[in-house]
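**Q** Chains as they are written, first to last, in my numbering: chain V, 2 to 263; chain G, -7 to 369.
By construction, the Cβ of each residue, glycine as well, lies at the ideal position given by its N, Cα and C atoms.
1. Could you spell out where the beta strand (DSSP E) holding residue 24(V) opens and where it closes?
2. For residue 77(G), list the residues DSSP reports as bridge partners.
3. Is the Cβ of residue 156(G) closer than 8 Å to any Cβ of chain V?
4. Against residue 135(V), what residues of chain G qualify as contacts under a CB-to-CB distance less than 9 Å, listed in chain order?
5. Tell me, please, whether the CB atom of residue 210(V) is closer than 8 Å to any CB atom in chain G?
6. Can you pull the chain G residues whose beta carbon is under 8 Å from the beta carbon of residue 124(V), in chain order?
7. Does residue 69(V) come out as helix, strand or coil in the three-state DSSP assignment?
8. I need the boundaries of the alpha helix (DSSP H) containing residue 283(G), first residue and last residue.
9. Report yes or no: is there a C-beta of chain V within less than 8 Å of the C-beta of residue 42(G)?
10. Can you have a look at residue 264(G) and say buried or exposed, based on whether 16 or more other CB atoms are within 10 angstroms of its CB?
11. Classify residue 225(G): buried if its beta carbon has 16 or more other beta carbons within 10 angstroms, exposed otherwise.
12. With a threshold of 8 Å between beta-carbons, can residue 45(V) be considered close to chain G, or not?
13. Could you pull the start and end residues of the beta strand (DSSP E) that residue 235(G) belongs to?
14. Against chain G, does residue 107(V) count as a neighbour if the rule is that its beta carbon must be under 8 Å from one of theirs?
15. Can you pull out the residues from the segment 144 to 167 of chain V whose beta carbon lies closer than 9 Å to at least one beta carbon of chain G?
16. Mind reading off the beta-carbon distance from residue 85(G) to residue 201(V)? Whole number of angstroms is fine, and I expect it under 8 Å.
17. Determine the DSSP secondary structure at residue 79(V), reduced to helix, strand or coil.
18. Just reading off the alpha helix (DSSP H) that residue 174(G) is part of, what are its end residues?
19. Alpha carbon to alpha carbon, how far is residue 159(V) from residue 8(V)? Give it in angstroms, no decimals.
20. Please name the residue, chosen from 106(G), 283(G) and 361(G), that lies closest to residue 176(G) on a Cα-to-Cα basis.
21. Using a cut-off of 7 Å between C-beta atoms, extract the partners of residue 85(G) located in chain V.
22. Report the rounded CA-to-CA distance for residue 47(G) versus residue 53(G), giving the unit in angstroms.
23. Counting only the same chain and skipping the five closest in sequence on each side, list residues whose C-beta sits under 6 Å from that of residue 74(V).
24. If you check the beta carbons only, do residue 95(V) and residue 63(V) fall under 8 Å apart?
25. Measuring CB to CB, does residue 254(G) end up less than 8 Å from residue 159(G)?
26. Measure the CB-CB distance between residue 59(V) and residue 47(V) and report whether it falls below 8 Å.
27. Between residue 83(V) and chain G, is there a C-beta pair that is closer than 8 Å?
28. Opposite residue 249(G) in the DSSP bridges: which residues?
29. The alpha helix (DSSP H) spanning residue 17(G) covers which residue range?
30. Buried or exposed, going by whether 16 or more other CB atoms sit within 10 Å of the CB of residue 303(G)?
31. Can you give the beta carbon distance from residue 122(V) to residue 173(V), rounded, assuming they're within the 8 Å contact cut?
32. Spatial neighbours of residue 323(G) within its chain, please: CB distance less than 7 Å, with the 5 preceding and 5 following residues excluded, ordered by chain position.
33. Roughly how many angstroms separate the alpha carbons of residue 316(G) and residue 110(G), rounded to a whole number?
34. Which class does residue 221(V) belong to by DSSP, given the choice of helix, strand or coil?
35. Please classify residue 308(G) as buried or exposed, where buried requires at least 16 other C-beta atoms within 10 Å of its C-beta.
36. Go through its chain and collect everything with a Cβ distance to residue 69(G)'s Cβ below 8 Å, but skip five positions before and after it.
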C-alpha cells in the first residue's frame, strides 16, 4: 500500500527533474540553463523578486510552455518530449492552482471540484459528490459547496482552487502565489493546510511565492531565481540561507532590505 | 489506473446484525467506481456494527479513501461504528481527519425553496421595477450629461470623442458601403423583375430613392451600429466594471457618465447620420448597376431618383438615424454599466446591448411611421 512517507531514503529518484532548461519568450531569455530536482513528498519553493521568472519556470515545468532548450522529467519520464497521449497521462499526476484561482465562474464550487471527477473517472453521481465534498472539507469549505466563485473572498477562492487541483489525487501540487493578497491569518491557515497535506497525504508541493513568512514556515527546500543572473542563485534550506548565504542578493532578499542607491 | 486493476468486494453476515466486509485488490478511482454503489448499499442495508478488512488491498488512492470515509459516514448516520482493519496508520490518520457525520449531512439532498406563484410573481415584478428604475435614472443622467456637454462644449474630452468617432464611423464605413451597395442592388433587381412585366421598370428609381432614404438607410445603418458599436460599448464598459476601473474613475472624482458615456453617445450621434448618407449613396450605385444592365440610361435613372425624393424625406431619414443612434449607444452603455461580476457577465451584457438596441430601433421606427404620417411628411 502506498502510504507515501517523507522519510524515504535519499536513494529514491526525485519526482521532478529539470535539466538545463532555458525559457524564453521570443528573443527574450528569462532564465538560462536551470537545473533542479524536487524530492518526493517535500515542500519545494521557487522564489525570487518580481519579474525574475518564477511563474515562467512554473509554466514550463507543467508544460503550458515548451522550454527552448532542456528537459523536464516527471517521475523519471521525459515530459518535454512526451507524445500527446503520454502527456495527457502525465498531467494527471499533478494539479495546479493558478494565481487568481481560475475557478470556472459559471459553476458552483462543488461543480468546479467535481468536473475532473466527471471527466476522468467512472464514479457514480453520489460518489462524485461525496469525494468533491471531502476535498472541499479538507480545505475548510464544506459549507460553501453550493456557492458561486464570485461570491467568495480571495482566500476562499484560493482554497477552493486547491481543492479542485486535488480532485484526482495528484502526487504533485503546483501552487502559484498561494498567499499573495491574503491577510496574515488566512495566509497562515493556508500554510498549515499545505503542511498537513504534505505530511499526512505525502503530496509533493512546488510553490511559487515571495512571501517571506510563508517560505520560512513551510519550505523544506528552496531555489531562488534572479532577474540579472537569469538563473538559480541559491538552493537549499531557507533558514540556513538566511543566516549563512555568501551571496548578497540572497541575504538582501531574506532580510528584506531595499536596494541601496549606490 | 491501469485496465488490469482488479477489485474484489465481499460481505459476510456476523452475529447480531453485524457485517464483515472485505476489499481486496486495487482500490483506486477506477476500482472504487466499480464497487462504490455495491459497498454503500451493503453497509446501508446492515443494522449493526460493520467491520471492514482492507488488509488485502495492494493499492489505495484518495478516491478509495473516499469510499472508506463514505462508509464511515453512513454508519455515523445510523449511530453505529465502522472498524477498519489492516490500514496503515498514516492513512488511518488521513481518514480520521474527516468529519464523517458532517459529510453525511452534506450528502443529503438540499431542500429547494419552492416559491409559490405569488412569491415568484412578486419577485418578477420587483425585478422589473428595479430594472425600470435603473433605466429611468440612466436616461436622466444621460440627459444631464448631454445637456451639460452642449452647454459646456469645452468639457468634452475631444481626444476620446475623436477616437470613438474613428471606431464608430471611419472603421465602420467599409461594411456600411458594402451592405448599402448590396441592398440597393438586390432591391432594384427584385422590383425590376416584377415591374418589367408591365413595362414599368422606369419606376424602379422612384421606389428605390424613397425606400432607401426614408426607411432602409437609417434602419439598416442603425442595426449595423448595434452589432458593431453597441456591443463594443457594452463589452468595453463591462470589462472596465469587472476590473474595478469604473470604481477607480468614481473615486478619482471623474463621473463615468462624462468620461465614458458622453463621448460614445456623441460619437454615435455624429457618425450615424453620416454613415446613413454613405449607405443611401451606395445603395443608389447598386441600383444604377441593375438599371444599366437593363439598358436604362443613367441620366434618367438619376433624374427620376432625385426628383422623387424631397428634402423633407431626406431630413426625416437623417433624424431617424440620429434617434436610432442615441438609442443604440445609450442601451450599449447602460448594459455595460449594469454588468455584474464574472467573465460570463460581459458576454451577457453584450448580448443584452445588441438585442436591446435592435428592439428599440424597431419600436422607434414604428413610432416614427405614426408621427411622420400624422405630420404628413
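**A** According to the data block:
1. In the first chain, counting from the first residue as 1, residue 24(V) sits at position 23. First-last of the beta strand (DSSP E) with residue 24(V): 17 to 26.
2. As a working mapping, residue 77(G) is identified with position 85 in the second chain. Residue 77(G) is bridged to 45(G).
3. Within the second chain, numbered from 1, the residue matching residue 156(G) stands at position 164. Answer no: the Cβ-Cβ gap between residue 156(G) and chain V never drops below 8 Å.
4. Locating residue 135(V) in the first chain gives position 134, counting from the first residue. In chain order, 54, 57, 58, 61, 62, 90 and 95 make up the part of chain G whose C-beta sits under 9 Å from the C-beta of residue 135(V).
5. The sequence position of residue 210(V) within the first chain is 209, counting from 1. Not a single C-beta of chain G is nearer than 8 Å to the C-beta of residue 210(V).
6. Counted from its first residue, the first chain places residue 124(V) at position 123. Simply 21, 24, 25, 28 and 55.
7. Residue numbering aside, residue 69(V) sits at position 68 when the first chain is read from its first letter. Of the three classes helix, strand and coil, the one that applies to residue 69(V) here is coil, per DSSP.
8. Along the second chain, read from residue 1 onward, the residue named residue 283(G) stands at position 291. Note, residue 283(G): alpha helix (DSSP H), 254 to 285.
9. Position 50 of the second chain, counted from the first residue, corresponds to residue 42(G). Using a CB distance cut-off of 8 Å, residue 42(G) does not count as an interface residue toward chain V.
10. Within the second chain, the letter at position 272 stands for residue 264(G). Residue burial annotation: residue 264(G) is buried, with at least 16 other C-beta atoms found within 10 angstroms of its C-beta.
11. Sequence index remark: in the second chain, residue 225(G) carries index 233 (1-based). Under a 10 Å Cβ-count criterion, residue 225(G) is classified as buried, with 16 or more other Cβ atoms of the shown protein chains found around its own Cβ.
12. Against the first chain, residue 45(V) aligns to sequence position 44. Against chain G, the CB of residue 45(V) has no partner CB under 8 Å away; the residue lies outside that interface.
13. For this step, residue 235(G) is matched to residue 243 along the second chain. No beta strand (DSSP E) contains residue 235(G), which DSSP labels as neither H nor E.
14. Locating residue 107(V) in the first chain gives position 106, where the first residue counts as 1. Interface residue, yes.
15. Of all residues in the segment 144 to 167 of chain V, only 144, 146, 147, 149, 150, 151, 152 and 167 come within less than 9 Å of chain G when Cβ atoms are compared, listed by chain position.
16. Start at 1 with the first residue of the second chain, and residue 85(G) comes out as number 93. Start at 1 with the first residue of the first chain, and residue 201(V) comes out as number 200. The Cβ separation is near 6 Å, so the contact holds.
17. To locate residue 79(V), count along the first chain from 1; it is residue 78. Note: residue 79(V) maps to strand in three-state DSSP.
18. By one-based count along the second chain, residue 174(G) stands at place 182. Per DSSP, residue 174(G) belongs to the alpha helix (DSSP H) from 165 to 187.
19. For the purposes of this step, residue 8(V) is identified with residue 7 of the first chain, where counting begins at 1. For the purposes of this step, residue 159(V) is identified with residue 158 of the first chain, where counting begins at 1. Residue placement at residue 8(V) is poorly supported in this model, since its pLDDT is 45, which falls under 50; the coordinates still yield a value, given next. Taking the straight line from one Cα to the other gives about 29 Å.
20. One-based indexing of the second chain puts residue 176(G) at position 184. Out of 106(G), 283(G) and 361(G), 283(G) has the C-alpha closest to the C-alpha of residue 176(G).
21. Stepping through the second chain from its first residue, residue 85(G) is reached at position 93. Correct list: 201.
22. Reading the second chain from its first residue, position 55 is the one you call residue 47(G). Reading the second chain from its first residue, position 61 is the one you call residue 53(G). Roughly 15 Å separates the two Cα atoms.
23. The residue labelled residue 74(V) in the question sits at position 73 within the first chain. The beta carbon of residue 74(V) sits closer than 6 Å to those of 18, all from its chain and outside the five residues before and after it, given in chain order.
24. Stepping through the first chain from its first residue, residue 95(V) is reached at position 94. Stepping through the first chain from its first residue, residue 63(V) is reached at position 62. Yes.
25. Sequence index remark: in the second chain, residue 254(G) carries index 262 (1-based). Sequence index remark: in the second chain, residue 159(G) carries index 167 (1-based). Inclusion of residue 254(G) and residue 159(G) in the CB contact set at 8 Å is not warranted, their separation being larger than that value.
26. Residue 59(V) sits at position 58 when you count from the first residue of the first chain. Residue 47(V) sits at position 46 when you count from the first residue of the first chain. Yes, they are a contact pair.
27. Within the first chain, residue 83(V) is the residue found at index 82, counting from 1. No, residue 83(V) does not count as interfacial toward chain G.
28. Your numbering for residue 249(G) matches position 257 in the second chain. Answer is none; residue 249(G) lacks a bridge partner.
29. Here residue 17(G) is taken as the residue at index 25 of the second chain, counted from 1. In the DSSP assignment, residue 17(G) falls outside any alpha helix (DSSP H) and within the unbroken beta strand (DSSP E) covering 11 to 19.
30. Counting from 1 along the second chain, the entry for residue 303(G) is found at position 311. Under a 10 Å Cβ-count criterion, residue 303(G) is classified as exposed, with fewer than 16 other Cβ atoms of the shown protein chains found around its own Cβ.
31. Against the first chain, residue 122(V) aligns to sequence position 121. Against the first chain, residue 173(V) aligns to sequence position 172. Not quite, the Cβ-Cβ distance comes to about 19 Å (not below 8 Å), so this is no contact.
32. Position 331 of the second chain, counted from the first residue, corresponds to residue 323(G). So the qualifying residues of the chain are 222, 345, 348, 349 and 352.
33. On the second chain, residue 316(G) is found 324 positions in, with the first residue counted as 1. On the second chain, residue 110(G) is found 118 positions in, with the first residue counted as 1. If you take the alpha carbons of residue 316(G) and residue 110(G), they lie about 38 Å apart.
34. Working through the first chain from its first residue, we reach residue 221(V) at position 220. Three-state DSSP puts residue 221(V) in coil, outside helix and strand.
35. By one-based count along the second chain, residue 308(G) stands at place 316. Around the C-beta of residue 308(G), 16 or more other C-beta atoms lie within 10 Å, and the residue is accordingly described as buried.
36. Residue 69(G) sits at position 77 when you count from the first residue of the second chain. Contacts found: 93 and 96.
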